[in-house]
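J.:
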């Protein structure tokens, strides 16, 4: 008899209130199907329903349910009716006495009964096994497999829970959220042997329970690649934003052995955008997540490796090789490197903001929190495109969205199309000359103190949600002493290195650095991390492609 692919986790359940009959049914089932299926027995409808819910939460499959008709409190038909809601794909069998055959026939219409068996079923080789063989074969042919999903059990105001959800969402990992306030969440905690004091608890698709997992551990357990397949490559791309993904696509498509290394999630800040409407080729707009997913799949299609949750801490030039070191002490090397590390949002320097980060104060769009903002008043700090895009997205469900802008209006840093959309949105308000003076709350954000920068007056407002977009800092501190940067930390390249007509110190080649080349030959920069870059998705993708062209030129002359 053929086995299902998930045999170790596929269940045949039998329910009978008579312990003797229950054991006899289970015995016959194990004798025939025990090597291929897990036999689970229960002695009441209620206990069987609890077991079915537990199996559902754990992601286990239920192929067949056999239930006795005459059970107290809940008869077999009543039980199967409720079981249908939990495991609709399971085949349903009613065990009944001859006197109850009319009830069994009626049940075919009530609970979509697949079969009924008369007791006794001896000999099982004639009366039980042929029926179950047919039902199991029909179940295997059906579309019974659920979409594998990671389960996250946590609390709404747990900062670490928010971080984990954001990491999974941005890495396109399907997951289901279970609050510890809900029965399902508590059942999952019990199944994992946890009391809810340490959150989140992540239960992977294979049933492994991770308690407060760090990002590398989580990435490894949810199917993200974290280990390189080789020690040496033609090209290492550091950073998975638009510039890095663009470089990976063009590098791999042009035959370079390419690996992209990302510390968190591909997409960068653009990947968190709810809608990008000025990117070429998408007249109706595209979300950052959609654009990132397409680019990632495109890069892997051409053969690029993508490593997630790997933090780069060092870069060295060793002869013709460029060595990239990771935080765990391991390393890889390549002929060339493209630095596409991007930028991170600056932290809000207001009392209480740090303590409430992830508990009402969020940096970036935090799209995983958008659903919880339904009907609430939301505040956004910032006046650039990212803040405007978040305001438009959150305004779909929020009661109100208030943009807090330090300047006189939005024209200094926001695209015209977004300013028009905000002006036409009835529940978006702009407060100019306003900054957050303090954030207040015990376990989560409860109030904000706002200050008018022209009059100096302050106002305290009720607030549960604050999203912060107040400029960006380059993620380049790890390059200190290696790659030249400006006073703000942005990487200098090409003409910026030869402003005085002379090559940078230590430059040994008889040519000046290429346009995107740093002071280390063969190491290039693309995207927002480059000094004086345009800070737009289209320009970042273009620089990623251009950097690959310059890599080819460098390799030809090396």
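Numbering (the working numbering), first residue to last: 1275 to 1832. Backbone N, C-alpha and C fix where the C-beta goes; we use that ideal spot for every residue, glycine too. All figures in this text were calculated on a predicted structure; none of them were measured in a lab.
So if DSSP puts residue 1605 in a beta bridge, which residue, or which two residues, is it bridged to?
T.: 1599
J.: Using a 10 Å radius around the Cβ and a threshold of 16 neighbouring Cβ atoms, would you call residue 1293 buried or exposed?
T.: exposed
J.: Using beta-carbon positions only, say whether residue 1710 and residue 1653 come within less than 9 Å of one another.
T.: A contact, by the Cβ cut-off of 9 Å.
J.: Under 8 Å: do the segment 1700 to 1710 and the segment 1664 to 1676 share three or more Cβ pairs, one atom per stretch?
T.: Short answer: they touch.
J.: Which full runs of the beta strand (DSSP E) of 3+ residues lie inside the segment 1527 to 1600, going along the chain?
T.: 1532 to 1535, 1579 to 1581, 1586 to 1592 and 1595 to 1600
J.: If you drop the 5 nearest sequence neighbours on each side, which residues of the same chain put their C-beta closer than 8 Å to that of residue 1649?
T.: 1671, 1672 and 1673
J.: Touch check for the segment 1622 to 1636 and the segment 1523 to 1530: three-plus C-beta pairs under 8 Å?
T.: no
J.: Determine contact between the segment 1531 to 1542 and the segment 1433 to 1448, defined as no fewer than three beta-carbon pairs at a distance below 8 Å.
T.: yes
J.: For the segment 1778 to 1814, list the beta strand (DSSP E) runs that are entirely contained and at least 3 residues long, ordered along the chain.
T.: Every beta strand (DSSP E) stretch that sits fully inside the segment 1778 to 1814 and reaches 3 residues is listed by chain position as 1797 to 1799.
J.: Report the three-state DSSP secondary structure of residue 1298 (helix, strand or coil).
T.: In this structure, residue 1298 counts as helix in the three-state DSSP scheme.
J.: I need the DSSP call for residue 1341, collapsed to helix, strand or coil.
T.: strand
J.: So who's on the other strand from residue 1627, going by DSSP bridges?
T.: Answer is none; residue 1627 lacks a bridge partner.
J.: Which one or two residues does DSSP pair with residue 1389 in a beta bridge?
T.: 1367
J.: With 16 as the cutoff for other CB atoms within 10 Å, does residue 1554 come out buried or exposed?
T.: Flag for residue 1554 reads exposed.
J.: Please state the DSSP three-state secondary structure of residue 1714.
T.: strand
J.: Give me the Cα-Cα distance between residue 1393 and residue 1369, rounded to the nearest whole angstrom.
T.: 7 Å
J.: Do residue 1718 and residue 1451 come within 9 Å of each other at the CB atom, strictly closer than that value?
T.: no
J.: Would the beta-carbon of residue 1308 fall within 9 Å of that of residue 1336?
T.: no
J.: Count Cβ pairs between the segment 1761 to 1780 and the segment 1485 to 1492 that sit closer than 8 Å; are there 3 or more?
T.: no
J.: At what residue ranges does the segment 1642 to 1705 contain a whole run of the alpha helix (DSSP H), taking only runs of 4 or more?
T.: 1659 to 1668 and 1690 to 1698
J.: Taking the C-alpha atoms as reference points, what is the distance between residue 1736 and residue 1471?
T.: 29 Å
J.: For residue 1820, count neighbouring Cβ atoms within 10 angstroms of its own Cβ and tell me buried if that reaches 16, exposed if not.
T.: Classification for residue 1820: buried.
J.: Just how far apart, CA to CA, sit residue 1332 and residue 1462?
T.: 8 Å
J.: Name, in chain order, the residues that DSSP records as bridge partners for residue 1747.
T.: Answer is 1618, bridged to residue 1747.
J.: Note down the Cα distance separating residue 1707 from residue 1731, rounded to an integer number of angstroms.
T.: 11 Å
J.: Report the rounded CA-to-CA distance for residue 1828 versus residue 1796, giving the unit in angstroms.
T.: Computed Cα separation, rounded: 6 Å.
J.: Which of the three DSSP states is assigned to residue 1395 in this structure?
T.: coil
J.: Work out the CA separation of residue 1316 and residue 1301 for me, nearest whole Å.
T.: 13 Å
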